[in-house]
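J.: In short: position in the sequence shown from 1, add 119, done, that's my numbering. Note that CB positions come from ideal geometry on N, CA and C, so glycine has one too.
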Amino acid sequence: MLDITKLYLFIFGALTIAGGVMGYLKAGSKESLIAGGVSGLLLLVAGYLIATAKTQPGLILGIVVSAALAYKFVPAFLATHKFMPAGMMALLSVVGIVMTVVGLVKK
Numbered sequence: 120m121l122d123i124t125k126l127y128l129f130i131f132g133a134l135t136i137a138g139g140v141m142g143y144l145k146a147g148s149k150e151s152l153i154a155g156g157v158s159g160l161l162l163l164v165a166g167y168l169i170a171t172a173k174t175q176p177g178l179i180l181g182i183v184v185s186a187a188l189a190y191k192f193v194p195a196f197l198a199t200h201k202f203m204p205a206g207m208m209a210l211l212s213v214v215g216i217v218m219t220v221v222g223l224v225k226k
């Protein structure tokens, strides 16, 4: 399960960075670029920590970042019902929370 969680965090991190870049390119949003870059980088670090046998810190970091992103994007999706970007990020965040919690439980 940890291998799947690690892979998911790497993919989630890359998509989050890409989303921040897209937000900057489409809307000129420096906030999207910074927030997407920082949170995506933290998700990549979480995956890396899991890969280097620092499993618990990696999973906790993954939960914290996923929860913060869910806190931002789930209400935005419920308000707008637009899949891009709020719906996709809400879905990825909730899956990130579930996968990291399961990883902690099965560790």
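Name the residue from G215, I123, L162 and V217 whose alpha carbon lies nearest to the alpha carbon of G132.
T.: Comparing Cα positions, the closest option is L162.
J.: Closest by CA to I182, which one among S212, K173 and I130?
T.: Of the listed residues, the one whose Cα sits closest to I182 is S212.
J.: Please state if the CB of G156 and the CB of P204 are separated by a distance shorter than 8 Å.
T.: No, these two residues do not count as a Cβ contact at 8 Å.
J.: Compare the C-alpha of V184 against each of M120, Y143, L128 and A146 and name the closest.
T.: Closest by alpha carbon: L128.
J.: Go ahead and label M208 buried or exposed: buried means 16 or more other beta carbons lie within 10 angstroms of its beta carbon, across all protein chains shown.
T.: Buried, since its Cβ has 16 or more Cβ neighbours within 10 Å.
J.: Indicate whether I153 and A186 have their beta-carbon atoms separated by less than 8 Å.
T.: Not in contact: I153 and A186 (Cβ atoms no closer than 8 Å).
J.: Have a look at V193 and T171 and give me their C-alpha separation to the nearest angstrom.
T.: About 31 Å.
J.: Going along the chain, which residues of its own chain have a beta-carbon closer than 6 Å to the beta-carbon of M218, five neighbours each way excluded?
T.: Only T124 and Y127 meet the Cβ criterion.
J.: Using the beta-carbon count (16 or more within 10 Å), is T199 buried or exposed?
T.: Answer is exposed; the Cβ neighbour count stays below 16.
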